[in-house]
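Sequence positions in the sequence shown follow our numbering and run 2 to 290.
Glycine is no exception: its CB is placed at the ideal position from the N, C-alpha and C atoms.
Here is the structure we will look at.
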Amino acid sequence: MLNTPWYQNGWFILAIILLAVGYVSLVLFLRAKRFIIRQNVLRALVERKTKEIRRKNEELEKNDLIKTRLISIISHDIITPLKFLHLAGRNLVESNEQMTEELKMETLEEIVHTSRELEMLSTNILNWIKYQNENRQLLREDVNLHDMVRQIFSILNGMAKQKNIFLTNEVPADFALHQYAEPLRIILYNLVVNALNFMEKGHITIIAKTLRNGVLIEVKDEGFGMTKEQINNILADQFIVSSANVDGKKGNGLGYLIIKDLLKVVEGHFTIKSTKNIGTTIKLFFPKQ
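Have a look at this one:
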């Protein structure tokens, strides 16, 4: 009996078949793996592009919102006072001899008051635009809060005296915190200006306390106060016109908009407690760094 060649044996044929099946399976597996890897890379690329598009859309929406807000402010809160300054100045020039000294003085006082408001508003707009840049590099520094409040009060003291308002700095002389100085100064400045605009007389007081987990700064005034609806609108980021101030003019809402934007920059938050015709207390909290 002749022996069957080894390559014709059933076990060899079975081994070849299994090897072929294994090879095909390996090829299919590697192809599937490459396909999955390619899909994952493509998915990651799509997600990255989607995030980039979403970020750009958010930037466009933010820029559009900034543009809309600026148009609103410029069209009402800048152009209107400029028209008044033009008319008042022209009246002084053209009707100087017919105007009484009392009327001349009233007109000059209005011109000074209006130009001061325009200066403050323009400064606020520039500050707000400046801090819309998320790539802006800021460094924390040691800040003497008492000195900062004193400097702010010194700038606004003339405005306060005209309205018989007393500015009280109750921050301890050696009170220091590690914070972004310029944004903090702008926040406090705007809070005091807001208080001055909505007061006839009384006190504005700033105090500060060191807490276990951070720093608390309070700005208290004895002004007209705010309704619950006004507070909710401020906290909900509603860019709306507030109630009339003591001069019968509407606020443009920019002050609190700047305050909230800058509080995000300095990683702080605030609360508002107010009673109509009693006053308002703004509490600023800055976590320990």
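Cα-Cα separation between residue i and residue j, rounded to whole angstroms
{"i": "S243", "j": "L46", "result": "Any reading at S243 needs caution, since the residue's pLDDT is 46, under 50, leaving its predicted position unreliable; the model's value is listed next. Near 46 Å, if we compare the C-alpha coordinates of L46 and S243."}
{"i": "P82", "j": "I72", "result": "15 Å"}
{"i": "S116", "j": "Y190", "result": "18 Å"}
{"i": "R32", "j": "V267", "result": "52 Å"}
{"i": "S123", "j": "H114", "result": "14 Å"}
{"i": "V220", "j": "V94", "result": "43 Å"}
{"i": "R35", "j": "L27", "result": "12 Å"}
{"i": "M227", "j": "L61", "result": "33 Å"}
{"i": "S76", "j": "E118", "result": "15 Å"}
{"i": "V172", "j": "T206", "result": "9 Å"}
{"i": "T51", "j": "N41", "result": "15 Å"}
{"i": "E211", "j": "T169", "result": "The sequence shown places Thr at residue 211, rather than the Glu named in the question. Rounded to whole angstroms, T211 to T169 spans 19 Å at the Cα level."}
{"i": "G224", "j": "I80", "result": "28 Å"}
{"i": "H87", "j": "E48", "result": "55 Å"}
Residue i - DSSP class collapsed to helix/strand/coil
{"i": "Q180", "result": "strand"}
{"i": "F167", "result": "strand"}
{"i": "P288", "result": "strand"}
{"i": "T228", "result": "coil"}
{"i": "G269", "result": "coil"}
{"i": "T101", "result": "coil"}
{"i": "S275", "result": "strand"}
{"i": "L31", "result": "helix"}
{"i": "V194", "result": "helix"}
{"i": "D143", "result": "strand"}
Sub-7 Å separation of residue i and residue j beta-carbons
{"i": "F176", "j": "H147", "result": "yes"}
{"i": "A182", "j": "E120", "result": "no"}
{"i": "N214", "j": "K289", "result": "yes"}
{"i": "Y257", "j": "I279", "result": "no"}
{"i": "Q99", "j": "V144", "result": "no"}
{"i": "A89", "j": "I112", "result": "yes"}
Rounded distance between the beta-carbons of residue j and residue i, thought under 8 Å
{"i": "F286", "j": "L217", "result": "6 Å"}
{"i": "L255", "j": "P184", "result": "Their Cβ separation, rounded to whole angstroms, is 15 Å, which puts L255 and P184 out of contact at 8 Å."}
{"i": "I187", "j": "N97", "result": "With a Cβ gap of about 40 Å, I187 and N97 do not count as contacting."}
{"i": "I259", "j": "L192", "result": "Going by Cβ atoms, the distance from I259 to L192 rounds to 10 Å, so no, they are not a contact pair."}
Cβ-heavy atom distance, residue i to the ligand ZN, below 6 Å
{"i": "K162", "result": "Because no ligand of any kind appears in the structure shown, any question about the ligand ZN cannot be addressed here."}
- prompt: Three or more C-beta pairs closer than 8 Å, one from the stretch 153-162 and one from the stretch 89-107: is that the case here?
  reply: no
ask   = Pairing CB atoms from the stretch 157-164 with CB atoms from the stretch 196-211, are three or more of them under 8 Å?
value = yes
Margin query: When you compare the stretch 270-283 with the stretch 228-237, are there three or more beta-carbon pairs, one atom per stretch, that lie closer than 8 Å?
Written below: yes
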